[in-house]
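Colleague: First the structure, then my questions, so here it is.
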Amino acid sequence: MIHTLTLTDLTVTRGERRLFNGLNLELKAGQALALTGANGAGKTSLLRAIAGLLRPDAGTIAFRDGDGNLLDERTARGREVHFLGHQDALKTGRTTREELGFQCDWLGHTQHGFDHAAEAFGLQPLLGLEVRRLSAGQRRRLAMGRLIGSPRALWLLDEPMAPLDVRWREAFADQMRRHLDADGLIVAAVHDPLPIPVRTLDLGGLG
Ligand SMILES: Nc1ncnc2c1ncn2[C@@H]1O[C@H](COP(=O)(O)OP(=O)(O)OP(=O)(O)O)[C@@H](O)[C@H]1O
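With the first letter of the sequence shown counted as 1, position 122 gets the number 122 in UniProt numbering; the numbers rise by one all the way through.
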């Protein structure tokens, strides 16, 4: 299981712009990191680099277990990293039940994960609806249900609270606390403070 995420001398460029240069960071089990900065500062790009969706120009991203052993990057990302982006990555023609069920089955976790996720984010009344009929906040709740329906150590979250009303913000904050208590790790791009204890990495930016 991923215990430590280490970024060493990480440099990422998009187009002509160097977003960050020589970035160093270590995050351990039970810790959360908030990425802050202006629009365009590079928060999403950093999340994508950690997820393996964007190749850095230089530097390394390493995942280690509790004994300090280096984990195979591909396996760690494939089985232990969940990236919750702006777009929610939902298939609009599927029902809420199908989308949640697919994710809960993915790593061999079944009914318990499904029921737990549906309960945590009030998804029962939405299970028969196609994703295309859900509101933005309901879609995000489904995406969050998928996040907790299949346990993964490292959560990469891109403005996770944005479309949620106050009730579901608190529900998600509760899930984040549980994840950290269970030795999970969280890296979240945010514009507003997160309601959990976090370290902050400000990427600055001119917007
Ligand atoms: N595919 C791409 N090709 C070229 N430039 C890109 C690409 N994707 C993003 N960028 C640029 O990289 C910069 C960083 O974008 P990024 O989405 O990481 O910022 P952000 O900090 O997450 O912003 P926001 O707060 O608006 O979500 C921006 O200037 C953006 O235009």
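Ideal Cβ positions, reconstructed from N, Cα and C, are used throughout, including at glycine.
How about the region 147-164 and the region 178-188: do they share at least three Cβ pairs that are nearer than 8 Å?
Modeller: The region 147-164 is in contact with the region 178-188.
Colleague: Should T11 be listed as close to ligand 1, given that the test is whether its C-beta is under 7 Å from any heavy atom?
Modeller: No - ligand 1 has no heavy atom lying nearer than 7 Å to the Cβ of T11.
Colleague: In three-state DSSP terms, what is H112?
Modeller: Correct three-state label for H112: helix.
Colleague: State the DSSP-derived secondary structure class of V187, mapped to helix, strand or coil.
Modeller: Three-state DSSP puts V187 in a strand.
Colleague: Between which residues of its own chain and L100 is the CB-CB distance below 7 Å, once the five residues before and five after are set aside?
Modeller: Excluding positions up to five away in sequence, the list reads F114, A117, A118, L123, L142, G145, R146 and G149.
Colleague: Would you kindly report the start and end of the unbroken alpha helix (DSSP H) that includes F172?
Modeller: Where F172 is concerned, the enclosing alpha helix (DSSP H) stretches over V166 to D181.
Colleague: Ends of the alpha helix (DSSP H) at G78?
Modeller: Here the alpha helix (DSSP H) through G78 covers E73 to E80.
Colleague: Could you work out which residue in T96, E98, K28 and F102 is closest to G66 when comparing CA atoms only?
Modeller: Comparing Cα-Cα distances from G66 to each of T96, E98, K28 and F102, the minimum goes to K28.
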